[in-house]
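Remarks on the structure that follows.
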Amino acid sequence: MPEYFAGPEWRSVWRMRSDQVRLDPTSAGWVTGVIWDTERHVAVGRAGFHGPPDPDGMVEIGYAVDPAHRRHGYARGALEDLLRRAAHETTVRTVRVTISPDNTASLRLAAQYGFTAVGEQWDDEDGLEIVYEVSAAPLS
0 MPEYFAGPEW
10 RSVWRMRSDQ
20 VRLDPTSAGW
30 VTGVIWDTER
40 HVAVGRAGFH
50 GPPDPDGMVE
60 IGYAVDPAHR
70 RHGYARGALE
80 DLLRRAAHET
90 TVRTVRVTIS
100 PDNTASLRLA
110 AQYGFTAVGE
120 QWDDEDGLEI
130 VYEVSAAPLS
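Per numbering that gives the first Met the number 0, the sequence shown runs over residues 0 to 139.
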């Protein structure tokens, strides 16, 4: 496992998701997993849902690619996989993603898939984030 995944920045994410699954085993199929390059046999990032849909049918997604593997379409592929899954889940109506205003690559990517800004929030770890949402309709 590369340092990117095992380092202090992500250790808290893995711990939080592990605790989440322990407390609610039904969330296991929804939480963050590894983005794996099947041709190169290497972990290049992480992506997943923050948990199952809430009572209103909203799921929040997250994705991150190791800086050593960026600009190769991994984030796009992960986002498409997450949107495809959301579209096939009958209980999901809305997909949410929160993005730092200075993360121009992620902002551009989200815009290409129809995400629109619906608000802002403060994250204790990441600071200011813009909240984006899109309908869970199938990809065209």
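Where is the CB? At the ideal position from N, CA and C, for every residue including glycine.
Rounded to a whole number of angstroms, what is the C-alpha to C-alpha distance between Arg70 and Phe114? The alpha-carbon atoms of Arg70 and Phe114 are separated by roughly 20 Å.
Leaving out the 5 sequence neighbours to the left and right, which residues in its chain are closer than 7 Å to Glu79 when beta-carbon positions are compared? Leu138
Write down every uninterrupted run of the alpha helix (DSSP H) in the region 55 to 108 whose length is 4 residues or greater and which is fully enclosed by it, in chain order. 73 to 87
Is the region 92 to 105 close to the region 122 to 138, with three or more CB pairs under 8 Å? yes
Beta-bridge pairing of Ser26 - partner residues as DSSP gives them: None; Ser26 has no bridge partner.
Is the beta carbon of Val94 closer than 8 Å to that of Leu108? The answer is no: Cβ separation not under 8 Å.
Secondary structure at Ala110, three-state DSSP: helix, strand or coil? helix
Given a cut-off of 8 Å, decide if Arg45 and Gly28 are closer than it, judged by their beta-carbon atoms. Remark: C-beta atoms of Gly28 and Arg45 do not approach each other more closely than 8 Å.
Gly6 versus Arg39: straight-line alpha-carbon distance, rounded: 22 Å
Suppose contacts are defined by Cβ-Cβ distances below 8 Å. Is Glu59 in contact with His49 by that definition? yes
Tell me, which residues are paired with Glu38 by DSSP? Answer by DSSP bridge pairing: none, since Glu38 is not bridged.
Quick one: using the 10 Å Cβ neighbour count with 16 as the cut-off for buried, is Asp24 buried or exposed? The amino acid occupying residue 24 in the given sequence is Pro; Asp does not appear at that position. When all chains shown are included, Pro24 counts as exposed.
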